[in-house]
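The sequence shown begins at 429 in our numbering and counts up by one. Note that the Cβ used here is the ideal one computed from N, Cα and C, for glycine as well.
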Amino acid sequence: MSNKLSKSQIEDKKKRNLSKIKEGRLCTTKERPTSAKCEFWSNLLRIKDMNGIYEPFVQCIICQQILSYEVKTRTNSLNLHAQSCTKKSSLPKSTMPIDNYVK
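Below is the structure:
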């Protein structure tokens, strides 16, 4: 029997984890996994409980979104998210309407 969570269960757990972070029942840390060598981890906060046990979730420091991952599998989705968020955050916050340039 697999203990893999469904997509809706993962989304529910993400919401609960965000609430627990706000309540102080979970905390975030910049500590990378000991085996992590990729630079994208600098954009992510790992989530752990008050006993120091890590959850299989991270929080993006750019958009604050909670992301899930499996410790034993690759973290390509985290890398893609971090790249996407970094690009979005470097875009100008506001742009002038095209009418300002066309006469």
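Smallest Cα separation from Ile438: which of Gln511, Glu459, Tyr497 and Thr514?
When each option's Cα is compared against that of Ile438, the closest is Tyr497.
Could you name the residues that DSSP lists as bridge partners for Thr456?
Thr456 is bridged to Ile475.
Could you check if Asn504 is buried or exposed, using at least 16 other CB atoms within 10 Å of its CB as the buried criterion?
With a 10 Å radius around the Cβ and a threshold of 16 neighbouring Cβ atoms, Asn504 comes out exposed.
Using the beta-carbon count (16 or more within 10 Å), is Cys466 buried or exposed?
By the Cβ-count criterion, Cys466 is exposed, with fewer than 16 other Cβ atoms from all chains shown falling within 10 Å of its own Cβ.
Simplified DSSP state of Ile494, which is helix, strand or coil
The three-state reading of DSSP puts Ile494 in strand, counting E and B together.
Suppose the cutoff is 6 Å on Cβ atoms and the five residues either side in sequence are ignored; what does the same chain contact list for Lys448 look like?
Answer for Lys448: Leu454, listed in chain order.
Out of Ala510, Asn445, Lys432 and Ser470, state which residue places its alpha-carbon closest to the alpha-carbon of Tyr482.
Checked all of Ala510, Asn445, Lys432 and Ser470; the closest Cα to Tyr482 is Asn445.
Just mark Asn471 as buried or exposed, buried being the case when its beta carbon has 16 or more other beta carbons within 10 Å.
It counts as buried.
Between Thr462 and Leu473, is the Cβ-Cβ spacing less than 8 Å?
Taking the C-beta atoms as reference points, Leu473 is found no nearer than 8 Å to Thr462.
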